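Undergrad:
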DNA sequence: CTGAAAGCGCTAACAC
DNA sequence: GTGTTAGCGCTTTCAG
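Protein chains in written order, with my numbering: chain P, 105 to 453; chain E, 105 to 453.
#1: Flag this pair as touching only if the stretch 237-253 of chain P and the stretch 265-277 of chain P have three or more C-beta atom pairs under 8 Å; answer yes or no.
#2: Is it buried or exposed for residue 106 of chain E, if we count other Cβ within 10 angstroms and need 16 for buried?
#3: Could you confirm whether any beta carbon from chain P is found closer than 8 Å to the beta carbon of residue 111 of chain E?
#4: In the stretch 230-244 of chain P, which residues sit with their C-beta less than 8 Å from some C-beta in chain E, listed in chain order?
#5: From residue 437 of chain E to residue 320 of chain E, what does the alpha carbon distance come to, in whole angstroms?
#6: Please classify residue 312 of chain E as buried or exposed, where buried requires at least 16 neighbouring CB atoms within 10 angstroms.
#7: Give a yes or no on whether the minimum CB-CB distance between residue 432 of chain P and chain E is below 8 Å.
#8: Do the stretch 285-303 of chain E and the stretch 218-227 of chain E meet, that is, are 3 or more Cβ pairs less than 8 Å apart?
#9: Evaluate contact between the stretch 190-201 of chain E and the stretch 408-425 of chain E, counting only Cβ atoms and requiring at least three cross-stretch pairs below 8 Å.
#10: Pull up the distance between the alpha-carbon of residue 302 of chain P and that of residue 269 of chain E, whole angstroms please.
#11: With a cut-off of 8 Å, does the C-beta of residue 371 of chain E fall near any C-beta of chain P?
#12: Where are the beta strand (DSSP E) runs, 3 residues long or more, that stay fully inside the stretch 145-190 of chain E, in chain order?
#13: Alpha carbon to alpha carbon, how far is residue 340 of chain E from residue 304 of chain E?
#14: Under three-state DSSP, which class holds residue 273 of chain P?
#15: Looking at the structure shown, is residue 341 of chain E part of a helix, part of a strand, or coil, going by DSSP?
#16: Could you tell me which chain P residues have their CB closer than 8 Å to the CB of residue 197 of chain E, listed as they occur along the chain?
#17: Could you have a look at residue 334 of chain E and say whether DSSP puts it in helix, strand or coil?
#18: Helix or strand or just coil, what does DSSP make of residue 446 of chain E?
#19: Do the stretch 418-433 of chain E and the stretch 256-267 of chain E meet, that is, are 3 or more Cβ pairs less than 8 Å apart?
#20: For residue 136 of chain E, which three-state DSSP category applies?
#21: Counting only Cβ-Cβ distances shorter than 8 Å, please list the residues of the stretch 307-322 of chain E near chain P, keeping chain order.
#22: Determine the contact status of residue 285 of chain E and residue 318 of chain E, defining contact as a CB-CB distance below 8 Å.
#23: Are residue 242 of chain P and residue 150 of chain P close, meaning C-beta to C-beta below 8 Å?
#24: Would you mind telling me which residues of chain E sit closer than 7 Å to residue 191 of chain P, beta carbon to beta carbon, in chain order?
#25: Quick check on this structure: which residue in E:186, E:228 and E:251 has the alpha carbon closest to the alpha carbon of residue 272 of chain E?
#26: Mind checking residue 354 of chain P: buried by the 16 CB within 10 Å criterion, or exposed?
#27: Does the beta-carbon of residue 359 of chain E have 16 or more other beta-carbons within 10 angstroms, so that it is buried, or is it exposed?
#28: So with Cβ pairs under 8 Å, would you call residue 203 of chain E a contact of chain P?
#29: So is residue 403 of chain P in contact with chain E if we call contact Cβ pairs under 8 Å?
#30: Thinking just about the alpha-carbon of each residue, which of P:184, P:198 and P:122 is nearest to the one in residue 213 of chain P?
#31: Let me know if residue 253 of chain E comes out buried or exposed under the rule of 16 or more other beta-carbons within 10 Å of its beta-carbon.
#32: If you scan the stretch 395-429 of chain E from start to end, which runs of the alpha helix (DSSP H) of 4 or more residues do you find wholly inside it?
#33: Nearest by alpha-carbon distance to residue 180 of chain E: which of E:186, E:209 and E:402 is it?
#34: Should residue 123 of chain E and residue 133 of chain E be called a contact, given that it needs their Cβ atoms to be closer than 8 Å?
#35: Which chain E residues are close to residue 224 of chain P, counting only those with a beta carbon under 9 Å from its beta carbon?
#36: Could you check where the beta strand (DSSP E) with residue 389 of chain E kicks off and where it finishes?
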């Protein structure tokens, strides 16, 4: 832990130093700097000026310990190296920085049990707000630990916001997975495809369930039997997409359109199709989900449903800064169908 | 700030609670938990057991304030949404988590002046270690502020590690940009190309200078005049790559190979070429740099120089945990030429 | 080997 | 309006 070591280097100025230099008491200095009232405007301004020239930055640990407001937020993601999450993180961090907050990131590397542990740690760290990105689980029991941590945190006055549908009583930013999925499916159906297959993420995730529901409703609306839709589950990664595609090709060789439930999986789908010499979109149409940055640069450019990840992150943080409402807020996000080159009418045969 | 509010919820146990339950003094409890000696093994074990059953987690603010060791690291990146940085961040966070550390991320959104400010903040936050990712500047003066902050931090006993910076006196993880670039250029030259052009990032970045140097040395080794190499500078982004490519095409229409100095720019290069109907690699060979995840999925799959980003992150963190050496350590990283489909011999004409 | 007590820098009552 | 003072939870001398 950095500490002045008696050498020439001046240690970081403390509130006392500012107060002394400004000729006021430490209490007045504190009040002036944290913008509370009870100080004459003139004095406050003077104190702030002195603080600035001294390069004073409050010690957040002292501040937190003394019961003041913290300005460190916790952000929980599955995997920060995944573009979906890094774009969300970017939104959170930018919004936080704009308010002078820092953000502490944990990633659980897709290990469900790690989530609760990380939240415990954040709670112990007394972060001022918590944002949980990453899908909730279909089975509420799987979220028990997480819910417990989050509730304890909120119960103690903390502000928590989740992104996605969770079985937790707190504010939430809700991407409209179902409607977005329906629009993708409707697009593919509209092109004339009748033999769709879905390359899905883990079946226990709400995100997956919701997106599937959207697809099925579109099928239903088109007069097709949603019950017959082939769905292959796998990890929400490129590799997951590859494995699932292999299965689709093997078990449902007449498929003309593969709907992947996120862009990472779609990337895997495309790679396998390319490898097997199937042309997209001529021999097979492919869609993704999320519209991560690279979706536009894949071969071919990916038709996908866009979710505003960065905005979801900043919205979540801003929600966390607002005091808790009587009942949990739900902020739906918009979505957009982005049609690119990976979808086309099915080949006639 | 979360605080017990007298309701049924049990507040987080404190050290006193553990001490009381274990029947020892708070000092003994502290010693036992932080694994210092001066406590009998039996007592220490007992205290630890009590702490575990109580679910005790030390309050890091109190600990830090009292002069104990912090276990929060600061990580500074340009833009967390950029795969290059998010992969580094992933490495840092994983390595940190393995040691029970949290990491606080700041991104400067490529604003050089923001760097020093963020470092100031980290210093004020008394983070236990700082990792700075992102290129340094060719002009040492541009890094003055950053260097000053970092030195003050280290002077006070903090541990700082930079990734890819030369002008700061602290431990560094140094990707071998020059050699990696040389290998890419040698590959392209080996294919028979003689009219290369470089799509470069900002000219004031070391990373750019080093990579350029590598390319020039390869040119030199091949008996070509490095002085005649067209270089167009731009932001290290997809858009930067697009703009630069437009210029290359206009001013150096006979170019047969474009070397982009990072994968994001290469993405832009590919998009412009596609738009203009130039086939890669038939009409133009293209290379990238870094080998971010998606490089393999671009159209065509990108030939690039791989840097082990995630490993660079974890190495940096581990370096930060080791006590400072007498003279700054330099950890070179390896690199690898990854040949994919975006390069081929030039068309005969 | 163990305990008592003095802060770390700040906020928030509570006095004036 | 402004100053005084008692902690926040922990580490760390200093006694025993």
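Glycine is no exception: its CB is placed at the ideal position from the N, C-alpha and C atoms.
None of the values given here were measured: they were computed from a predicted structure.
TA: The answer reads as follows:
#1: yes
#2: Low local confidence applies: a pLDDT of 41 at residue 106 of chain E is under 50, so the model's placement there is unreliable, with the coordinate-based value given in what follows. By the neighbour-count criterion, in which 16 or more other beta carbons inside 10 Å mark a residue as buried, residue 106 of chain E falls on the buried side.
#3: Caution is warranted here: a pLDDT of 35 is assigned to residue 111 of chain E, below 50, making its placement in the model unreliable, and no coordinate value can be reported.
#4: 230 and 232
#5: Each residue's Cα considered, the two are about 21 Å apart.
#6: buried
#7: no
#8: no
#9: The count of Cβ pairs closer than 8 Å, one atom from the stretch 190-201 of chain E and one from the stretch 408-425 of chain E, reaches three, so the stretches are in contact.
#10: Here the alpha carbons of residue 269 of chain E and residue 302 of chain P stand approximately 46 Å from one another.
#11: yes
#12: Correct list: 176-181.
#13: 7 Å
#14: coil
#15: Annotated three-state conformation of residue 341 of chain E is coil, per DSSP.
#16: 184, 209, 210 and 211
#17: Look at residue 334 of chain E here: in three-state DSSP terms it is coil, with no helix or strand label.
#18: The answer is coil: DSSP assigns residue 446 of chain E none of H, G, I, E or B.
#19: Output reads yes: the stretch 256-267 of chain E touches the stretch 418-433 of chain E.
#20: Looking at residue 136 of chain E - three-state DSSP - the assignment turns out to be helix.
#21: none
#22: yes
#23: no
#24: Ordered by position in chain E, the residues that pass the 7 Å Cβ test against residue 191 of chain P are 185.
#25: Nearest option by C-alpha distance: E:251.
#26: exposed
#27: Buried, since its Cβ has 16 or more Cβ neighbours within 10 Å.
#28: no
#29: Closer than 8 Å to some Cβ of chain E, the Cβ of residue 403 of chain P qualifies, so yes.
#30: P:184
#31: With 16 or more Cβ atoms within 10 Å of its Cβ, residue 253 of chain E is classed as buried.
#32: Fully enclosed alpha helix (DSSP H) runs of no fewer than 4 residues occupy 413-425 of the stretch 395-429 of chain E, in order along the chain.
#33: E:209
#34: yes
#35: 159 and 161
#36: Per DSSP, the unbroken beta strand (DSSP E) holding residue 389 of chain E starts and ends at 389-391.
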